[in-house]
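So the structure is just underneath, and the comments pick up after that.
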Amino acid sequence: MTEPEPLEFIGTNTVRFRRRTLLYFSGCDFFRLARDPRLALAAQKSLEKSGLNVAASRFTTGNHEIYTRLENELAHFFAAESALLLPDGYLAPLAAATALAGEFSHALIDESAHGALVDAARMLACPVKKFRHRHIIDLKKVLWKCGKNARPIILTDGVFSYDGSVAPLRDYLKILSRRGMILVDDAYGAGVLGATGKGTLEFENVSRRRVLHCATLSKAFGVYGGVVLSSHAMREKIIERSRAFVGTTPLPPPLAGAAIAAVKILRSEPQRRKRLFQNVALVRKQLRAAGWEISESPGPIVRLPVLLAALELELKKRLLVAGIYPPYLRYGNMPHGTFRFIVSSEHTAAHLEKLCAVLAAFKKSFPHS
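For the sequence shown, my numbering gives the first residue as 1, with consecutive numbering after it.
This is the structure in structure tokens:
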């Protein structure tokens, strides 16, 4: 894999790339909270009060009170019984899986699941079986092959980063035995989906009874860290059994302070989510009017169809000429790369019109792309 060239973030919606300032439609800071001065101020206050690092596991002497405050805020935001903070979003499903090792007969994982879930499945100490992406019938077949006495756990993203599609959790729970469980990595859904931003579980209108909900603070919340949202009993189990929790130094206090501020902002400013969805709807409408086949998904991801290599290069050139950073991505488990545009709540109408104009002109030049 070739390491990408570095980017310097400037202001709210621009980056510096090869000495040019370009409009930015990538990354996952959906509400641009990473650049919000209130988060910076909260981080500064926590730094002055608590220092940069607790320099110890929470299991020993690193259990600072700020972590309990953040966990309480997160549990309240997501309407969960409890929350357990991890130093990184990738670690959240791993911490949950290591605590559950040996409790399930089979781990069933979506073939397009994030790498964190692929690694978590290996920690469960049971056979791992894949099922076709978001495919209810195939999952039902895999469950049947596990046997009637099986105790399965399903691992899936809440929102899939490649195209913004959502896991049909409600349908999964209908075919899952009462002894089964679903482990959801909701990195792209938490803070965004649902009537109040509680994520994929709220969007799918399912309870937490048989769902273990993991999320990151590095996307919608604009900060850093991971969280497992669960029952009190499950939280205690992770603390007691998971080396991913016991053996790590927790989040730096300044980031925890900033995360508390971010949770409060998202809870008190629902207009940010309203603007986000309005912006996404505008882009999708204009691109479809221009002839692009744009799939429908509830989140802020707008993915173009796969293009021929020559057309990929042409579109990259046109975007750069227009002063837009080209968000071309190739995921490790996908056969082709694609352009994936992520719209934020803070993009202006002028920003969106500029992007749509470039893509509409390209489609007019290459109508069969």
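Think of the CB as a built atom: it goes at the ideal place given N, C-alpha and C, for glycine as much as any other residue. Quick caveat, the model's predicted, so the values are computed rather than measured.
Pick out the complete beta strand (DSSP E) segments inside the region 175-220, 3 residues or longer, and give them in chain order. As far as the region 175-220 is concerned, its whole beta strand (DSSP E) runs of at least 3 residues are 181-185 and 211-216.
May I ask you to report which of helix, strand or coil DSSP gives PRO254? DSSP places PRO254 in the helix class (H, G or I) of the three-state scheme.
Quick one: what's PHE341 bridged to in DSSP? The bridge partners DSSP lists for PHE341 are VAL302.
Given a threshold of 16 other Cβ atoms within 10 Å of its Cβ, counted over all protein chains shown, does VAL321 qualify as buried or as exposed? Counting every other CB atom within 10 Å of its CB across the protein chains shown gives VAL321 a total below 16, marking it as exposed.
CA-CA distance, LEU52 and PRO93? Going from the Cα of LEU52 to the Cα of PRO93 covers about 26 Å.
Starting from the Cα of SER295, find the closest Cα among LYS129, GLY197 and GLY164 and give me that residue. Comparing Cα-Cα distances from SER295 to each of LYS129, GLY197 and GLY164, the minimum goes to GLY164.
Contacts around LEU22, its chain only, beta-carbon distance under 7 Å, and the 5 residues preceding and following it disregarded: Excluding sequence positions up to five before and after LEU22, its CB lies within less than 7 Å of the CB of THR14, VAL15, GLY323, ILE324 and TYR325, all in the same chain and listed in chain order.
By DSSP, does VAL370 sit in helix, in strand, or in coil? The first residue shown for the chain is 1 and the last is 369, placing residue 370 beyond what the model contains.
According to the Cβ coordinates, are SER231 and PHE30 closer than 9 Å? No, the pair does not count as a contact, with Cβ atoms beyond the cut-off.
Coil, strand or helix - ILE294 by DSSP: If DSSP states are grouped into helix, strand and coil, ILE294 belongs with coil.
In chain order, which alpha helix (DSSP H) runs of at least 4 residues are fully inside the region 92-152? Entirely contained in the region 92-152, the alpha helix (DSSP H) runs reaching 4 residues are, in chain order, 115-123 and 136-146.
CB contact flag (ALA95, LEU108, <9 Å): Result no, Cβ atoms of ALA95 and LEU108 do not sit closer than 9 Å.
Let me know the secondary structure DSSP gives VAL159 once reduced to three states. Three-state DSSP puts VAL159 in a strand.
Top-ranked residue by Cα proximity to ALA55, from GLU48, ASN63 and LYS49: The residue among GLU48, ASN63 and LYS49 with its C-alpha nearest the C-alpha of ALA55 is ASN63.
Under 9 Å, do LEU117 and GLY257 count as touching if we go by C-beta distance? Result no, Cβ atoms of LEU117 and GLY257 do not sit closer than 9 Å.
ARG284 (DSSP reduced to helix, strand or coil): Here DSSP, grouped into helix, strand and coil, assigns ARG284 to helix.
Between the alpha carbons of ALA26 and HIS347, how many angstroms are there, rounded? A small correction: the amino acid at residue 26 is Ser; Ala does not occupy that position in the sequence shown. Cα to Cα, the separation comes out at about 12 Å.
VAL159 and GLY189 closer than 9 Å at C-beta: Yes.
So, ARG303 versus ARG330, is the Cβ gap smaller than 9 Å? Against a cut-off of 9 Å, the Cβ pair of ARG330 and ARG303 comes out as no contact.
C-beta neighbour in chain D for GLU8, strict 9 Å: Protein chains in the displayed structure number just one, and chain D is not present.
Taking just the CA atoms, how far does ALA167 sit from TYR90? If you take the alpha carbons of TYR90 and ALA167, they lie about 19 Å apart.
Sort out for me which residues DSSP pairs TYR328 with in a bridge. Under DSSP, the beta-bridge partners assigned to TYR328 are PHE339.
Would you give the residue range spanned by the beta strand (DSSP E) that VAL15 belongs to? Per DSSP, VAL15 is one residue of the beta strand (DSSP E) stretching across 14-17.
How do the region 284-292 and the region 353-366 stand: do at least 3 beta-carbon pairs fall below 8 Å, yes or no? A contact is defined here as three or more CB-CB pairs under 8 Å, and the region 284-292 meets this definition with respect to the region 353-366.
8 Å CB neighbourhood of ARG275 in its chain, flanking five on each side removed: Excluding residues within five positions, the ones whose Cβ falls inside 8 Å are SER345 and GLU346.
Among the candidates ASP138, PRO298, ALA99 and THR60, whose CA atom is the shortest distance from the CA of SER161? When C-alpha distances from SER161 are compared across ASP138, PRO298, ALA99 and THR60, the shortest belongs to PRO298.
By the DSSP assignment, the alpha helix (DSSP H) with ARG20 in it spans what residues? ARG20 -> not in any alpha helix (DSSP H); beta strand (DSSP E) instead, spanning 20-23.
Which residues share a DSSP beta bridge with ILE154? Beta-bridge partners assigned by DSSP to ILE154: LEU108 and ILE182.
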